[in-house]
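See below for the structure under consideration.
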(Lines of atoms letter the chains of each structure in order from A; the text may use other names.)
(Lines give C-alpha, C1' and ligand atoms only; values in the text may rest on other atoms or scores of the structure.)
Protein backbone atom coordinates (compact mmCIF):
# COMPACT_ATOMS: atom_id res chain seq x y z
CA UNK A 2 0.00 0.00 0.00
CA UNK A 3 1.22 3.50 -0.80
CA UNK A 4 1.61 5.17 2.59
CA UNK A 5 2.86 8.56 1.48
CA UNK A 6 0.92 11.72 2.16
CA UNK A 7 -0.98 12.98 -0.87
CA UNK A 8 -1.64 16.63 -1.70
CA UNK A 9 -5.28 17.10 -0.71
CA UNK A 10 -7.13 20.42 -1.03
CA UNK A 11 -10.31 21.75 0.57
CA UNK A 12 -11.62 24.35 -1.88
CA UNK A 13 -14.25 26.90 -0.84
CA UNK A 14 -15.51 28.41 2.38
CA UNK A 15 -13.50 28.84 5.57
CA UNK A 16 -15.48 30.46 8.37
CA UNK A 17 -16.53 30.52 11.99
CA UNK A 18 -19.51 28.48 13.18
CA UNK A 19 -21.17 30.59 15.87
CA UNK A 20 -22.67 27.99 18.22
CA UNK A 21 -24.64 28.64 21.42
CA UNK A 22 -21.52 27.41 23.28
CA UNK A 23 -19.12 29.70 21.42
CA UNK A 24 -17.40 29.88 18.05
CA UNK A 25 -15.70 26.99 16.28
CA UNK A 26 -13.67 26.88 13.06
CA UNK A 27 -15.80 25.61 10.21
CA UNK A 28 -16.72 25.50 6.57
CA UNK A 29 -16.95 22.09 4.90
CA UNK A 30 -13.71 22.44 2.85
CA UNK A 31 -11.77 23.51 5.94
CA UNK A 32 -13.24 20.68 8.02
CA UNK A 33 -12.28 18.26 5.24
CA UNK A 34 -8.72 19.58 5.01
CA UNK A 35 -8.25 19.41 8.78
CA UNK A 36 -9.24 15.75 9.00
CA UNK A 37 -7.10 14.99 5.93
CA UNK A 38 -4.15 16.52 7.78
CA UNK A 39 -4.82 14.26 10.79
CA UNK A 40 -4.74 11.32 8.37
CA UNK A 41 -1.24 12.28 7.29
CA UNK A 42 -2.01 13.95 3.97
CA UNK A 43 -0.31 17.13 2.79
CA UNK A 44 -3.56 19.00 3.41
CA UNK A 45 -4.21 22.52 2.22
CA UNK A 46 -7.16 24.90 2.46
CA UNK A 47 -7.86 27.12 -0.56
CA UNK A 48 -10.21 29.84 0.67
CA UNK A 49 -10.50 33.58 1.33
CA UNK A 50 -10.86 35.38 4.65
CA UNK A 51 -11.31 39.00 5.63
CA UNK A 52 -8.50 41.29 6.70
CA UNK A 53 -10.14 41.49 10.12
CA UNK A 54 -9.81 40.04 13.65
CA UNK A 55 -11.84 36.90 12.80
CA UNK A 56 -9.58 36.28 9.80
CA UNK A 57 -6.48 36.72 11.92
CA UNK A 58 -7.90 34.20 14.40
CA UNK A 59 -8.39 31.65 11.61
CA UNK A 60 -4.76 32.07 10.53
CA UNK A 61 -3.56 31.70 14.11
CA UNK A 62 -5.69 28.61 14.74
CA UNK A 63 -4.60 26.86 11.56
CA UNK A 64 -0.93 27.62 12.19
CA UNK A 65 -1.07 25.26 15.16
CA UNK A 66 -2.92 22.49 13.33
CA UNK A 67 -0.40 21.33 10.72
CA UNK A 68 -2.53 22.75 7.90
CA UNK A 69 -0.91 24.46 4.92
CA UNK A 70 -2.37 27.98 4.74
CA UNK A 71 -0.55 28.97 1.54
CA UNK A 72 -3.83 28.84 -0.35
CA UNK A 73 -5.69 31.31 1.89
CA UNK A 74 -6.41 34.66 0.27
CA UNK A 75 -7.08 37.90 2.17
CA UNK A 76 -9.85 40.36 1.31
CA UNK A 77 -9.61 44.01 2.30
CA UNK A 78 -13.32 44.73 1.81
CA UNK A 79 -15.41 41.66 2.63
CA UNK A 80 -15.54 40.16 6.14
CA UNK A 81 -14.46 36.71 7.25
CA UNK A 82 -17.40 34.35 6.90
CA UNK A 83 -19.62 33.43 9.85
CA UNK A 84 -22.55 31.06 10.30
CA UNK A 85 -25.08 31.26 13.12
CA UNK A 86 -25.79 27.69 14.25
CA UNK A 87 -28.82 26.65 16.27
CA UNK A 88 -30.02 23.16 17.11
CA UNK A 89 -33.50 21.72 16.60
CA UNK A 90 -34.07 18.18 17.91
CA UNK A 91 -30.31 17.69 17.99
CA UNK A 92 -29.79 18.65 14.34
CA UNK A 93 -27.93 21.85 13.38
CA UNK A 94 -29.70 24.64 11.51
CA UNK A 95 -27.58 27.27 9.77
CA UNK A 96 -27.94 30.96 9.03
CA UNK A 97 -25.08 31.69 6.63
CA UNK A 98 -24.10 35.35 6.53
CA UNK A 99 -23.48 37.08 3.21
CA UNK A 100 -21.57 38.52 1.57
CA UNK A 101 -18.36 37.02 2.93
CA UNK A 102 -14.75 36.99 1.79
CA UNK A 103 -15.17 33.48 0.38
CA UNK A 104 -17.74 34.87 -2.08
CA UNK A 105 -14.82 36.58 -3.86
CA UNK A 106 -12.38 33.70 -4.46
CA UNK A 107 -9.77 34.77 -7.03
CA UNK A 108 -8.15 32.63 -9.71
CA UNK A 109 -4.47 33.38 -9.10
CA UNK A 110 -1.12 31.95 -10.24
CA UNK A 111 -0.75 30.43 -6.76
CA UNK A 112 -4.04 28.59 -7.10
CA UNK A 113 -3.18 27.47 -10.64
CA UNK A 114 0.00 25.92 -9.22
CA UNK A 115 -1.93 24.21 -6.41
CA UNK A 116 -4.52 22.86 -8.86
CA UNK A 117 -1.84 21.45 -11.15
CA UNK A 118 -0.18 19.36 -8.45
CA UNK A 119 -2.98 18.23 -6.11
CA UNK A 120 -4.03 14.58 -5.89
CA UNK A 121 -7.54 15.29 -4.59
CA UNK A 122 -9.71 18.37 -4.22
CA UNK A 123 -12.99 18.61 -2.33
CA UNK A 124 -15.55 21.27 -3.27
CA UNK A 125 -19.25 21.91 -2.73
CA UNK A 126 -22.22 23.97 -3.84
CA UNK A 127 -22.25 26.61 -1.08
CA UNK A 128 -19.03 28.39 -2.10
CA UNK A 129 -20.47 28.70 -5.61
CA UNK A 130 -23.37 30.91 -4.48
CA UNK A 131 -21.58 34.01 -5.87
CA UNK A 132 -20.64 34.15 -9.59
CA UNK A 133 -17.00 35.13 -8.98
CA UNK A 134 -16.27 32.23 -6.64
CA UNK A 135 -18.20 29.84 -8.89
CA UNK A 136 -16.01 30.76 -11.86
CA UNK A 137 -12.85 30.45 -9.77
CA UNK A 138 -13.80 27.02 -8.45
CA UNK A 139 -14.57 25.79 -11.96
CA UNK A 140 -11.22 27.15 -13.17
CA UNK A 141 -9.45 25.33 -10.36
CA UNK A 142 -11.14 22.02 -11.17
CA UNK A 143 -10.50 22.34 -14.89
CA UNK A 144 -6.79 22.88 -14.20
CA UNK A 145 -6.27 19.71 -12.17
CA UNK A 146 -4.57 16.67 -13.66
CA UNK A 147 -6.82 13.97 -15.19
CA UNK A 148 -5.99 11.53 -12.38
CA UNK A 149 -6.84 14.04 -9.62
CA UNK A 150 -9.87 13.04 -7.55
CA UNK A 151 -12.41 15.86 -7.88
CA UNK A 152 -14.72 15.30 -4.94
CA UNK A 153 -18.13 16.99 -4.93
CA UNK A 154 -19.36 17.03 -1.32
CA UNK A 155 -22.65 18.62 -2.23
CA UNK A 156 -23.65 20.14 1.18
CA UNK A 157 -26.99 21.61 0.11
CA UNK A 158 -27.77 24.76 2.09
CA UNK A 159 -30.99 26.55 1.23
CA UNK A 160 -31.31 28.91 -0.59
CA UNK A 161 -27.73 28.79 -1.88
CA UNK A 162 -27.93 26.33 -4.76
CA UNK A 163 -29.56 25.99 -8.16
CA UNK A 164 -29.80 23.41 -10.91
CA UNK A 165 -27.09 24.89 -13.16
CA UNK A 166 -24.53 24.84 -10.32
CA UNK A 167 -25.47 21.27 -9.34
CA UNK A 168 -25.26 19.93 -12.89
CA UNK A 169 -22.02 21.71 -13.82
CA UNK A 170 -20.44 20.52 -10.56
CA UNK A 171 -21.48 16.92 -11.23
CA UNK A 172 -19.93 17.07 -14.69
CA UNK A 173 -16.65 18.34 -13.19
CA UNK A 174 -16.57 15.73 -10.39
CA UNK A 175 -15.16 12.22 -10.34
CA UNK A 176 -16.53 11.36 -6.87
CA UNK A 177 -19.88 12.45 -5.38
CA UNK A 178 -20.60 12.47 -1.65
CA UNK A 179 -24.02 13.38 -0.28
CA UNK A 180 -26.36 12.33 2.50
CA UNK A 181 -29.53 10.25 2.36
CA UNK A 182 -31.76 13.35 2.43
CA UNK A 183 -29.84 15.04 -0.38
CA UNK A 184 -29.84 11.97 -2.65
CA UNK A 185 -33.52 12.13 -3.75
CA UNK A 186 -33.34 15.93 -3.98
CA UNK A 187 -30.27 15.86 -6.25
CA UNK A 188 -31.84 13.08 -8.30
CA UNK A 189 -34.98 15.16 -8.81
CA UNK A 190 -32.95 18.26 -9.75
CA UNK A 191 -31.15 16.37 -12.53
CA UNK A 192 -34.23 14.43 -13.66
CA UNK A 193 -33.55 10.95 -12.28
CA UNK A 194 -36.36 8.82 -10.86
CA UNK A 195 -36.48 5.73 -8.65
CA UNK A 196 -37.87 4.64 -5.29
CA UNK A 197 -34.58 2.86 -4.61
CA UNK A 198 -31.60 4.75 -3.20
CA UNK A 199 -29.25 2.21 -4.70
CA UNK A 200 -30.82 2.63 -8.11
CA UNK A 201 -30.43 6.41 -7.85
CA UNK A 202 -26.77 5.99 -6.93
CA UNK A 203 -26.24 3.79 -9.98
CA UNK A 204 -28.04 6.29 -12.22
CA UNK A 205 -25.83 9.13 -10.93
CA UNK A 206 -22.71 7.03 -11.62
CA UNK A 207 -23.84 6.37 -15.17
CA UNK A 208 -25.24 9.81 -16.02
CA UNK A 209 -22.18 11.78 -14.94
CA UNK A 210 -19.42 9.23 -15.47
CA UNK A 211 -18.53 9.20 -11.77
CA UNK A 212 -16.08 6.73 -10.25
CA UNK A 213 -17.79 6.48 -6.86
CA UNK A 214 -20.97 7.74 -5.18
CA UNK A 215 -20.89 7.91 -1.36
CA UNK A 216 -24.11 8.35 0.65
CA UNK A 217 -24.02 8.94 4.41
CA UNK A 218 -27.03 7.94 6.49
CA UNK A 219 -26.36 9.59 9.86
CA UNK A 220 -26.40 7.09 12.72
CA UNK A 221 -27.17 4.31 10.23
CA UNK A 222 -23.76 4.44 8.58
CA UNK A 223 -23.18 4.82 4.85
CA UNK A 224 -23.45 3.24 1.41
CA UNK A 225 -21.05 3.48 -1.53
CA UNK A 226 -21.34 2.48 -5.17
CA UNK A 227 -18.84 2.13 -7.99
CA UNK A 228 -19.16 0.43 -11.37
CA UNK A 229 -18.33 -2.93 -9.78
CA UNK A 230 -20.49 -3.10 -6.65
CA UNK A 231 -22.51 -1.43 -3.91
CA UNK A 232 -21.30 -1.67 -0.29
CA UNK A 233 -22.83 -0.62 3.03
CA UNK A 234 -21.63 -0.18 6.61
CA UNK A 235 -23.95 0.22 9.62
CA UNK A 236 -21.80 2.85 11.35
CA UNK A 237 -20.59 3.00 14.95
CA UNK A 238 -22.58 3.79 18.08
CA UNK A 239 -21.23 6.81 19.95
CA UNK A 240 -22.52 9.39 22.39
CA UNK A 241 -23.13 12.35 20.07
CA UNK A 242 -21.91 15.78 21.13
CA UNK A 243 -22.95 17.44 17.86
CA UNK A 244 -22.98 16.28 14.24
CA UNK A 245 -21.28 19.37 12.75
CA UNK A 246 -18.42 18.28 10.50
CA UNK A 247 -19.07 14.54 10.81
CA UNK A 248 -19.90 14.30 7.11
CA UNK A 249 -16.74 16.21 6.20
CA UNK A 250 -14.66 13.82 8.32
CA UNK A 251 -16.32 10.92 6.51
CA UNK A 252 -15.35 12.44 3.16
CA UNK A 253 -11.73 13.04 4.17
CA UNK A 254 -11.31 9.51 5.51
CA UNK A 255 -12.98 7.98 2.45
CA UNK A 256 -10.69 9.91 0.09
CA UNK A 257 -7.68 8.81 2.17
CA UNK A 258 -8.66 5.20 1.40
CA UNK A 259 -9.66 5.75 -2.23
CA UNK A 260 -6.30 7.39 -3.01
CA UNK A 261 -4.66 4.19 -1.74
CA UNK A 262 -6.86 1.79 -3.70
CA UNK A 263 -8.61 0.35 -0.64
CA UNK A 264 -11.87 -1.47 -1.40
CA UNK A 265 -15.31 0.00 -0.71
CA UNK A 266 -16.16 -2.10 2.36
CA UNK A 267 -12.97 -1.17 4.21
CA UNK A 268 -13.25 2.42 3.01
CA UNK A 269 -16.74 2.74 4.52
CA UNK A 270 -15.67 1.24 7.84
CA UNK A 271 -12.72 3.63 8.13
CA UNK A 272 -14.73 6.67 7.03
CA UNK A 273 -17.55 5.88 9.46
CA UNK A 274 -15.04 5.52 12.29
CA UNK A 275 -13.70 9.04 11.75
CA UNK A 276 -17.18 10.50 11.25
CA UNK A 277 -18.38 8.95 14.51
CA UNK A 278 -15.34 10.30 16.35
CA UNK A 279 -16.08 13.87 15.16
CA UNK A 280 -19.76 13.47 16.10
CA UNK A 281 -18.67 12.50 19.63
CA UNK A 282 -16.71 15.76 19.97
CA UNK A 283 -17.73 19.43 20.08
CA UNK A 284 -17.44 21.28 16.77
CA UNK A 285 -16.15 20.17 13.38
CA UNK A 286 -12.38 20.41 14.03
CA UNK A 287 -11.77 18.90 17.47
CA UNK A 288 -8.24 18.34 18.75
CA UNK A 289 -7.05 14.75 19.07
CA UNK A 290 -4.35 13.15 21.22
CA UNK A 291 -1.48 11.81 19.11
CA UNK A 292 -1.81 8.31 20.58
CA UNK A 293 -5.50 8.16 19.62
CA UNK A 294 -4.81 9.59 16.15
CA UNK A 295 -2.19 6.94 15.45
CA UNK A 296 -4.47 4.19 16.77
CA UNK A 297 -7.35 5.26 14.54
CA UNK A 298 -5.02 5.68 11.57
CA UNK A 299 -3.48 2.24 12.07
CA UNK A 300 -6.88 0.62 11.58
CA UNK A 301 -6.89 1.38 7.85
CA UNK A 302 -3.33 0.08 7.50
CA UNK A 303 -4.31 -3.18 9.20
CA UNK A 304 -7.52 -3.58 7.19
CA UNK A 305 -5.78 -2.93 3.88
CA UNK A 306 -2.80 -5.21 4.39
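Numbering (this note's numbering), first residue to last: 2 to 306. Each residue gets a CB set at the ideal place from its N, CA and C atoms; glycine is no exception.
The Cβ atoms of residue 8 and residue 45 lie closer than 8 Å to each other. As the crow flies, the alpha-carbon of residue 11 is around 15 Å from that of residue 114. Look at the beta carbons and you see the segment 157-175 not touching the segment 240-259: under three pairs across the two are nearer than 8 Å.
Look at the beta carbons and you see the segment 264-272 touching the segment 217-231: at least three pairs across the two are nearer than 8 Å. Put simply, the backbone Cα of residue 237 is about 7 Å away from that of residue 220. Residue 239 is bridged by DSSP to nothing; it lacks a bridge partner. A residue is called buried when at least 16 other Cβ atoms come within 10 angstroms of its Cβ; residue 118 does not meet this threshold and is exposed. In this structure, DSSP gives residue 108 a state outside helix and strand, which the three-state scheme calls coil. Excluding the 5 residues flanking it on each side, residue 79 has same chain C-beta neighbours closer than 7 Å at 51, 100, 101, 102, 104 and 105, in chain order. If you look at residue 268, you'll find it isn't in any beta strand (DSSP E); it sits in the alpha helix (DSSP H) that goes 265-280. Taken in chain order, the unbroken stretches of beta strand (DSSP E) that lie wholly in the segment 152-238 and span 3 residues or more are 176-180, 213-217, 223-226 and 231-234. Following the DSSP letters along the chain, one finds residue 89 inside the beta strand (DSSP E) bounded by residues 82-89. CA-CA distance, residue 16 to residue 273, rounds to 25 Å. Setting aside the 5 residues that flank it on each side, residue 91 has no residue in the same chain whose C-beta is closer than 6 Å to its C-beta.
Shown here, residue 98 sits in coil according to DSSP, grouped into three states, outside any helix or strand. The segment 171-179 and the segment 149-160 touch, with three or more beta-carbon pairs separated by less than 8 Å.
Scanning its chain for C-beta atoms nearer than 6 Å, with the 5 sequence neighbours on each side dropped, one finds around residue 69 the residues 45, in chain order.
If one requires a minimum length of 4 residues, the alpha helix (DSSP H) runs lying completely within the segment 109-150 are 110-118 and 132-143, in chain order. Around the beta carbon of residue 240, a 10 Å sphere encloses fewer than 16 other beta carbons of the protein chains shown; the residue is thus reported as exposed.
Per DSSP, the unbroken alpha helix (DSSP H) holding residue 59 starts and ends at 54-64.
The way I'd put it, the segment 124-137 doesn't touch the segment 34-44; fewer than three beta-carbon pairs between them come closer than 8 Å. Around the beta carbon of residue 172, fewer than 16 other beta carbons lie within 10 angstroms, which makes this residue exposed.
In this structure, residue 215 lies near residue 255, with their beta-carbon atoms less than 8 Å apart.
A check of alpha carbon separations from residue 110 across 183, 20 and 137 identifies 137 as the nearest.
Looking at the DSSP output, residue 249 shares a beta bridge with no other residue. Around the beta carbon of residue 143, fewer than 16 other beta carbons lie within 10 angstroms, which makes this residue exposed.
For residue 75, no alpha helix (DSSP H) run applies; the uninterrupted beta strand (DSSP E) run containing it begins and ends at 73-76, by DSSP. With a cutoff of 8 Å on beta-carbon distance, residue 181 and residue 217 are scored as near each other. Residue 19 carries a strand assignment under DSSP once its states are collapsed to helix, strand and coil. Beta-bridge partners of residue 296 (DSSP): none assigned. Between residue 13 and residue 84, the beta carbon gap of about 13 Å keeps them out of contact (Cβ cut-off 8 Å).
Judged by DSSP secondary structure, residue 34 falls within the alpha helix (DSSP H) whose first and last residues are 29-39.
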